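A.B. asks:
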């Protein structure tokens, strides 16, 4: 039989302190990486949402230029709002509606379905929407991206 002495059971206090210090050191290295990973994921979602809406606006404009969508006076062939892209429009000579978006995407930075809008008649750096048509969309958040740019300044 194997006999164990009383002093040989368990860990010493020094071993426990060293292991705890090592775990604390490793956890402090993981927290910043996790923080940046979450922000990077939200930025990728924002890029995707902006790309989806801008492609839908471009598709609408292309069909309008081809004469398949009636142009409203002063609209320049762009949709009136994001809801038009979701509801769809009837194409000239066809009985079906063409939808450009399934739904208005959520802004991952604000957590809402509200977007900044620009019309064709607005200035390029304008932060107010004239309401004539929908030429471009941008995020309404005041945050700064990992690359140092403002989210509201993200253009194509």
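Residue numbers (this note's numbering): 29 to 184. C-beta atoms are modelled at their ideal positions from N, C-alpha and C, and glycine is treated no differently. Because the structure is a prediction, the values reported are computed rather than measured.
1) Under a three-way DSSP split, which group does residue 155 fall into?
2) Between 139, 138, 140, 155, which lies nearest to residue 146 when the distance is taken from Cα to Cα?
3) What number of angstroms, rounded off, separates the C-alpha of residue 159 from the C-alpha of residue 108?
4) Using 8 Å for Cβ pairs, my map puts residue 163 next to residue 144. What's the rounded Cβ distance?
5) Could you tell me how far apart the beta carbons of residue 130 and residue 116 are, in whole angstroms, since I believe they sit closer than 8 Å?
6) Closest to residue 180 by C-alpha separation, out of 118, 161, 136, would be which residue?
7) Tell me the rounded alpha-carbon separation between residue 96 and residue 120.
8) Short check: CB of residue 114 to CB of residue 132, under 8 Å?
9) If you follow the beta strand (DSSP E) that residue 166 is in, where does it begin and where does it stop?
10) If you count every other CB in all the chains shown that lies within 10 Å of the CB of residue 42, and 16 or more means buried, which is it?
11) List the residues that DSSP assigns as beta-bridge partners of residue 140.
12) Measure the CB-CB distance between residue 168 and residue 124 and report whether it falls below 8 Å.
13) How is residue 104 classed by DSSP in three states: helix, strand or coil?
14) Below 8 Å on the Cβ atoms is my contact criterion, and I expect residue 161 with residue 104 to pass it. Report the Cβ-Cβ distance as a whole number of Å.
C.D. replies: According to the structure shown:
1) Coil.
2) Ranked by how close their Cα comes to the Cα of residue 146, the residues 139, 138, 140, 155 have 155 in first place.
3) In a straight line, the C-alpha of residue 159 is about 8 Å away from that of residue 108.
4) Separation of the CB atoms of residue 163 and residue 144 is rounded to 12 Å, and the pair is thereby denied contact status at 8 Å.
5) With a Cβ gap of about 10 Å, residue 130 and residue 116 do not count as contacting.
6) Nearest to residue 180 by C-alpha distance, out of 118, 161, 136, is 136.
7) The C-alpha of residue 96 lies about 5 Å from the C-alpha of residue 120.
8) In contact: residue 114 and residue 132 (Cβ atoms closer than 8 Å).
9) Element bounds for residue 166: 164–166.
10) Here residue 42 is exposed, its C-beta having fewer than 16 other C-beta atoms within 10 Å.
11) Looking at the DSSP output, residue 140 sits in a beta bridge with 135.
12) No, the pair does not count as a contact, with Cβ atoms beyond the cut-off.
13) Residue 104: coil per DSSP, three-state reduction.
14) About 6 Å; that satisfies the 8 Å criterion.
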